[in-house]
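Colleague: Would you mind keeping the following structure in view while I ask a few things?
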Amino acid sequence: MINIKEDAKLSVMNHSCAHLLAQAVKHLYPQALFWVGPVIEEGFYYDIDLGDVTLTDEDLPKIEKEMKKIAKDGKRIVRHELTKQEALEMFKNDPYKLDLISRMDEKETTISCYTQGDFTDLCRGPHVESVKELKYFKLIKHSGAYFKGDSKNKMLQRIYGVCFETEEDLDKYLQELEEAKQRDHRKIGKEQELFMTHELVGAGMPLWLPNGALVRHELENYIYKKERDMGYDHVYTPCVGTVDLYKTSGHWDHYKENMFPMMKVDDEEFVLRPMNCPHHMLVYKNKMHSYRDLPIRIGEFATDFRYEASGAVKGLERVRCMCQNDAHLFVRPDQIGEEFKRVVSLILDVYHDFGITDYKFRLSLRDKNDKEKYFDDDEMWEHAENKLREVLNELGVPYFEAEGEAAFYGPKLDVEVKPAVGPEVTLSTCQLDFLLPRRFELTYIDSNGQKQTPVVIHRAIFGTFDRFTAFLIEETKGNLPLWLSPKQVIVIPVSSLHQGEYASEVFNKLKEAGIRVELDDRNEKLGYRLREAQTRKVNYTVILGEQEKNDLTISYRKHREKETTTVTIDEFITLLKKEIEEKSH
Ligand code: TSB
Ligand code: ZN
Numbered sequence: 035m036i037n038i039k040e041d042a043k044l045s046v047m048n049h050s051c052a053h054l055l056a057q058a059v060k061h062l063y064p065q066a067l068f069w070v071g072p073v074i075e076e077g078f079y080y081d082i083d084l085g086d087v088t089l090t091d092e093d094l095p096k097i098e099k100e101m102k103k104i105a106k107d108g109k110r111i112v113r114h115e116l117t118k119q120e121a122l123e124m125f126k127n128d129p130y131k132l133d134l135i136s137r138m139d140e141k142e143t144t145i146s147c148y149t150q151g152d153f154t155d156l157c158r159g160p161h162v163e164s165v166k167e168l169k170y171f172k173l174i175k176h177s178g179a180y181f182k183g184d185s186k187n188k189m190l191q192r193i194y195g196v197c198f199e200t201e202e203d204l205d206k207y208l209q210e211l212e213e214a215k216q217r218d219h220r221k222i223g224k225e226q227e228l229f230m231t232h233e234l235v236g237a238g239m240p241l242w243l244p245n246g247a248l249v250r251h252e253l254e255n256y257i258y259k260k261e262r263d264m265g266y267d268h269v270y271t272p273c274v275g276t277v278d279l280y281k282t283s284g285h286w287d288h289y290k291e292n293m294f295p296m297m298k299v300d301d302e303e304f305v306l307r308p309m310n311c312p313h314h315m316l317v318y319k320n321k322m323h324s325y326r327d328l329p330i331r332i333g334e335f336a337t338d339f340r341y342e343a344s345g346a347v348k349g350l351e352r353v354r355c356m357c358q359n360d361a362h363l364f365v366r367p368d369q370i371g372e373e374f375k376r377v378v379s380l381i382l383d384v385y386h387d388f389g390i391t392d393y394k395f396r397l398s399l400r401d402k403n404d405k406e407k408y409f410d411d412d413e414m415w416e417h418a419e420n421k422l423r424e425v426l427n428e429l430g431v432p433y434f435e436a437e438g439e440a441a442f443y444g445p446k447l448d449v450e451v452k453p454a455v456g457p458e459v460t461l462s463t464c465q466l467d468f469l470l471p472r473r474f475e476l477t478y479i480d481s482n483g484q485k486q487t488p489v490v491i492h493r494a495i496f497g498t499f500d501r502f503t504a505f506l507i508e509e510t511k512g513n514l515p516l517w518l519s520p521k522q523v524i525v526i527p528v529s530s531l532h533q534g535e536y537a538s539e540v541f542n543k544l545k546e547a548g549i550r551v552e553l554d555d556r557n558e559k560l561g562y563r564l565r566e567a568q569t570r571k572v573n574y575t576v577i578l579g580e581q582e583k584n585d586l587t588i589s590y591r592k593h594r595e596k597e598t599t600t601v602t603i604d605e606f607i608t609l610l611k612k613e614i615e616e617k618s619h
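For the sequence shown, the numbering used here begins at 35 and goes up steadily by one.
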């Protein structure tokens with residue numbers, strides 16, 4: 035989908051359209067006061083104080099109609115420049131604009147406002163010449179938004195919209211938007227009973243329902259086997275730790291705003307863990323290691339808790355309680371390159387298995403000026419960042435660099451993907467860390483019998499099972515490949531009276547073969563049951579009529595395919611097993 039913000043011409047149009055929206059709102063709600071109306075990737079929005087009024091869905095078409103009327107009238111958009119004093123005078127009855135003006139520095143910015151007909155707004159510009167140019171726009175949705183994003187402040191009304199140069203462009207965009215909505219994992223997750231949320235459990239704390247849990251088990255089995263084959267050892271550790279543990283690691287100083295608050299039990303102070311590294315450092319430290327034992331790879335499917343803003347939590351994609359497919363690799367300095375390469379190969383291998391092709395590698399570096407977030411040791415950072423660049427160049431994988439995205443303990447290689455709705459997110463991550471091994475005083479004995487400090491590679495291939503599942507649902511539009519699907523086959527007798535017994539026999543055989551199968555012998559019309567299987571996206575529908583019963587065969591239809599094939603039950607099982615084995619997608 036197009037990124038409006040990156041298109042210079044569309045950015046200007048969308049910004050002008052935000053003013054048009056504000057003017058229309060002012061006509062319909064004279065009490066309205068306006069906060070900010072920026073251009074965003076998806077178009078524009080405006081945050082508006084409507085006094086006691088809360089908008090409903092029915093209000094948007096009315097506002098849109100007024101916008102059309104004003105646009106047709108075709109007033110010019112005129113710019114005026116003001117001194118700070120003039121601006122303060124002009125907007126003296128508007129606390130929102132006064133807030134903006136009071137923070138402006140006259141020497142650095144020219145204060146300007148734009149007038150179109152009876153409406154004037156404080157704005158940097160630029161704008162289109164006349165509202166006449168705004169013809170193809172649509173108000174998309176509305177929501178509440180706290181003033182300055184702070185829940186202690188007043189809730190304003192935010193209206194989103196988008197504007198294009200031509201009708202075709204607008205239609206195309208609206209169609210894409212609709213498709214994205216259909217793909218949204220929150221919608222599919224509900225329809226297919228994969229997960230749920232409940233306010234009694236809390237925001238960002240999804241509950242995995244049986245269907246979703248089946249998918250997750252398959253993901254766990256899959257990655258567990260891969261990791262075992264690559265020499266990983268898996269552990270189980272508690273999802274809490276003491277404050278002292280996180281003081282030792284540095285999380286307490288550098289990651290506290292992402293953590294749940296401390297809780298006291300007897301004399302101990304605990305936190306819900308946001309990361310598993312400290313626990314794994316202690317597992318490593320549990321015994322002596324020789325240089326010959328390294329790399330040591332400690333893996334865990336580990337539950338973590340992070341404080342994510344309530345407005346940011348989203349389905350399974352951004353949660354407050356998550357399960358990482360985590361591992362910490364303890365290596366000698368001379369093994370960094372090799373081990374890092376093995377992790378990147380594993381990522382590529384896994385993406386290939388899942389048919390994921392649309393992703394970007396991002397080299398996430400620290401922000402040199404942010405001494406608060408990042409551990410202050412220039413030499414260590416330069417060394418770690420250069421080491422990663424070196425390996426990436428050697429591997430020849432394309433990547434882009436992003437400052438200020440590193441973990442507090444080191445730089446990382448992240449894999450970025452685009453969800454159906456909203457900005458890009460990180461799936462896999464591979465991070466280089468010279469810090470935590472020092473803080474936990476980890477050692478190994480080198481070939482001269484001397485103590486040395488290992489280097490740690492943090493890596494999560496799926497990232498979290500939560501986010502990866504969200505992504506998979508959207509990638510496949512809910513049509514999960516057979517090996518992952520919670521509903522692989524449904525057996526439907528044409529008439530339960532005539533083929534009911536045979537259907538049970540087929541159902542049992544499939545079940546015994548380990549296939550996730552359901553039997554639909556309800557007394558409903560065949561067409562109805564077939565349609566339902568279709569909407570539920572069951573991978574294979576098996577239809578049994580008199581012919582099949584007499585010939586001891588089955589007829590199957592694959593989801594999204596038209597033709598029906600007749601084979602023996604054994605042939606069908608062989609076919610399913612092959613497809614599962616090959617992880618076809
Ligand atoms: C890889 N200590 C490392 C670990 O050893 C770590 O925690 N890295 S992380 O902070 O980048 O998190 C790992 C992965 O978790 C991310 O790559 C991302 O895919 C996923 N993740 C992070 N926050 C969330 C969230 N709120 N909801 C779902 N998944 C998340
Ligand atoms: Zn870690």
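Glycine included, each C-beta is placed from N, C-alpha and C at the ideal position.
Taking the straight line between their C-alpha atoms, what separation do you get for M47 and G333?
Modeller: 51 Å
Colleague: Pick helix, strand or coil for K452, following the three-state DSSP scheme.
Modeller: coil
Colleague: Quick one: Cα of F395 to Cα of E291, how far?
Modeller: 27 Å
Colleague: Write down every uninterrupted run of the beta strand (DSSP E) in the stretch 265–301 whose length is 3 residues or greater and which is fully enclosed by it, in chain order.
Modeller: 266–268, 274–276, 297–299
Colleague: Three-state secondary structure (DSSP) at Y194?
Modeller: strand
Colleague: How is E334 classed by DSSP in three states: helix, strand or coil?
Modeller: When secondary structure is reduced to three states using DSSP, E334 falls in the strand class.
Colleague: In the structure shown, what three-state DSSP assignment does T600 receive?
Modeller: Reduced to three states, the DSSP call for T600 is strand.
Colleague: How many Å lie between I623 and D218 at the Cα?
Modeller: Residue 623 falls outside the range modelled here, since the chain spans only 35 to 619, and no answer is possible.
Colleague: Quick check on P308: does DSSP put it in helix, strand or coil?
Modeller: coil
Colleague: Give me the residue from C357, F198, K221 with the minimum Cα distance to H251.
Modeller: C357
Colleague: Taking Cβ to Cβ, would you say K452 is nearer than 8 Å to D411?
Modeller: no
Colleague: Check this for me: beta carbons of I111 and Q57, under 8 Å apart or not?
Modeller: no
Colleague: Quick check: D139 and Y148, are their CB atoms within less than 8 Å of each other?
Modeller: Their beta carbons are not under 8 Å apart, which means D139 does not touch Y148 by this criterion.
Colleague: Once you ignore the five residues that flank V317 on each side, which residues in its own chain have a CB closer than 8 Å to its CB?
Modeller: V269, T271, I332
Colleague: Are at least three pairs of beta-carbons, each pair with one atom in the stretch 368–385 and one in the stretch 511–521, less than 8 Å apart?
Modeller: When C-beta atoms of the stretch 368–385 are compared with those of the stretch 511–521, fewer than three pairs fall below 8 Å, so the two segments do not count as touching.
Colleague: Would you call the stretch 449–465 in contact with the stretch 488–503, where contact means no fewer than 3 C-beta pairs closer than 8 Å?
Modeller: yes
Colleague: Taking 7 Å as the limit between beta carbons, can you name the residues of its chain near D555, skipping five residues before and five after?
Modeller: P527, S530, G534, A537
Colleague: So, helix, strand or coil for F502, using DSSP?
Modeller: helix
Colleague: Taking the C-alpha atoms as reference points, what is the distance between R262 and D604?
Modeller: 33 Å
Colleague: Taking the C-alpha atoms as reference points, what is the distance between D81 and G456?
Modeller: 19 Å
Colleague: Just verifying my parser: in three-state terms, what is the DSSP assignment at R550?
Modeller: coil
Colleague: Please identify the residue among A336, I330, F335, C355 whose C-alpha is closest to the C-alpha of E342.
Modeller: Ranking the options by Cα distance to E342, first place goes to C355.
Colleague: Would you check whether ligand 1 has a heavy atom nearer than 7 Å to the C-beta of D448?
Modeller: Under cutoff, so the answer is yes.
Colleague: Excluding the 5 residues flanking P515 on each side, which residues of the same chain have their C-beta closer than 7 Å to its C-beta?
Modeller: K617, S618, H619
Colleague: When you compare only the Cα positions, how much space is there between I145 and V365?
Modeller: 57 Å
Colleague: Please state whether DSSP places C157 in a helix, a strand or coil.
Modeller: coil
Colleague: Please say whether M293 and L470 have beta carbons closer to each other than 8 Å?
Modeller: no
Colleague: Determine, using beta carbons only, whether P308 and R352 come nearer to each other than 8 Å.
Modeller: No, Cβ-Cβ distance for P308 and R352 is not below 8 Å.
Colleague: Sort G284, F181, G275, R192 by Cα distance to G444 and report the nearest one.
Modeller: G284
Colleague: Please report the residue range of the alpha helix (DSSP H) in which T57 lies.
Modeller: Here residue 57 is Gln; the residue named in the question, Thr, does not match the sequence. Note, Q57: alpha helix (DSSP H), 42–62.
Colleague: Whose C-beta lies closer than 7 Å to the C-beta of C311 among residues of the same chain, with five residues either side of it excluded?
Modeller: S283, H362, L470, H492
Colleague: So does H285 have its beta carbon nearer than 7 Å to some heavy atom of ligand 1?
Modeller: The answer is no for H285.
Colleague: Examine ligand 1 and report whether any of its heavy atoms sits within less than 7 Å of the Cβ of C311.
Modeller: yes
Colleague: Identify which residue in T600, E475, C157 has its Cα closest to the Cα of K583.
Modeller: T600
Colleague: Would you list, in sequence order, the uninterrupted beta strand (DSSP E) runs of no fewer than 3 residues that lie entirely inside the stretch 423–486?
Modeller: 433–437, 446–451, 459–467
Colleague: Taking just the CA atoms, how far does K224 sit from L208?
Modeller: 23 Å
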